[in-house]
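For reference, the structure is listed below as structure tokens.
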């Protein structure tokens, strides 16, 4: 699956997207965040407060307990500042 | 109904005129235009606006559809820019069309309150002190929550 990062999350990770293949034990968005943090020191720091990070699966905003099975694109981003 | 996410500048007056031309039978048009703000004490030289376009279209489309039903709007348009903007440039425009002014005003305010917190854009300001991400404001959450 493809992961997208935006705003300061993208900057701190020094990448806007990546392709990942997490194991089957990674079931939910919050499992995915924990897995991403465990594999990369930059992600460990950038996602140190998962509660402030928002997520979208296939361009729909989801809560962190949402299953990721079948997801093509998962995006992570800070609170939005539009308008 | 129209939702446009674009890098290009737009002409607020021309947009309003084009929108109003479709207003047969309506009694009120409200337009809100947001401008890139610069604090005189700490001037902003540029605003970089990052966007997730697919999610923006989904989010704004859903908000617009809700506004239409909730306020009985006849038509509505949201234009939101991304990319690098200069102070004073139009960044966002919301237009609502309704039989009467109450619905047109309320619909425009509702749309703007939701855009602030639910549209996937992220602002970064360049100032003499360097570049900084604009922080999400709790006041924006409160503004949105009053519509619940």
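Protein chains in written order, with the numbering used here: chain S, 2 to 84; chain H, 31 to 178.
All residues carry an ideal CB built from backbone N, CA and C; glycine is no exception.
Contact under 8 Å by Cβ, residue i with residue j
i	j	result
residue 60 of chain H	residue 135 of chain H	yes
residue 5 of chain H	residue 137 of chain H	This structure gives no information on residue 5 of chain H, because the portion of chain H shown stretches from 31 to 178.
residue 17 of chain S	residue 33 of chain S	no
residue 81 of chain S	residue 97 of chain H	no
residue 1 of chain S	residue 82 of chain H	Summary: the structure shown does not reach residue 1 of chain S, with chain S confined to residues 2 through 84, and so no result is reported for it.
residue 101 of chain H	residue 58 of chain H	no
residue 80 of chain H	residue 152 of chain H	yes
residue 63 of chain H	residue 120 of chain H	yes
residue 21 of chain S	residue 56 of chain S	no
residue 23 of chain S	residue 36 of chain S	yes
Among the options, the one whose alpha carbon lies nearest that of residue i
i	options	result
residue 56 of chain H	H:74, H:121, H:103, H:110	H:103
residue 122 of chain H	H:109, H:114, H:116, H:128	H:109
residue 90 of chain H	H:161, H:31, H:168, H:154	H:31
residue 60 of chain S	S:9, S:30, S:74, S:7	S:74
residue 169 of chain H	H:153, H:178, H:158, H:143	H:143
residue 13 of chain S	S:3, S:48, S:30	S:48
residue 154 of chain H	H:40, H:78, H:105, H:95	H:78
residue 75 of chain H	H:106, H:157, H:132	H:157
residue 37 of chain H	H:99, H:114, H:107	H:114
residue 54 of chain H	H:40, H:105, H:34, H:33	H:105
residue 166 of chain H	H:174, H:133, H:160	H:174
Expected contact under 8 Å - CB spacing of residue i and residue j to nearest Å
i	j	result
residue 83 of chain S	residue 145 of chain H	5 Å
residue 58 of chain S	residue 79 of chain S	Not a contact, Cβ separation roughly 17 Å.
residue 28 of chain S	residue 69 of chain S	7 Å
residue 163 of chain H	residue 25 of chain S	36 Å between Cβ atoms; not a contact.
residue 33 of chain H	residue 99 of chain H	16 Å between Cβ atoms; not a contact.
Should the region 61-74 of chain S be regarded as contacting the region 42-49 of chain H, the criterion being three or more beta carbon pairs within less than 8 Å? no
Uninterrupted beta strand (DSSP E) stretches inside the region 96-162 of chain H (no shorter than 3 residues): 105-111, 113-115, 120-128, 151-157
Would you check if there are 3 or more beta carbon pairs closer than 8 Å linking the region 35-45 of chain S to the region 66-73 of chain H? no
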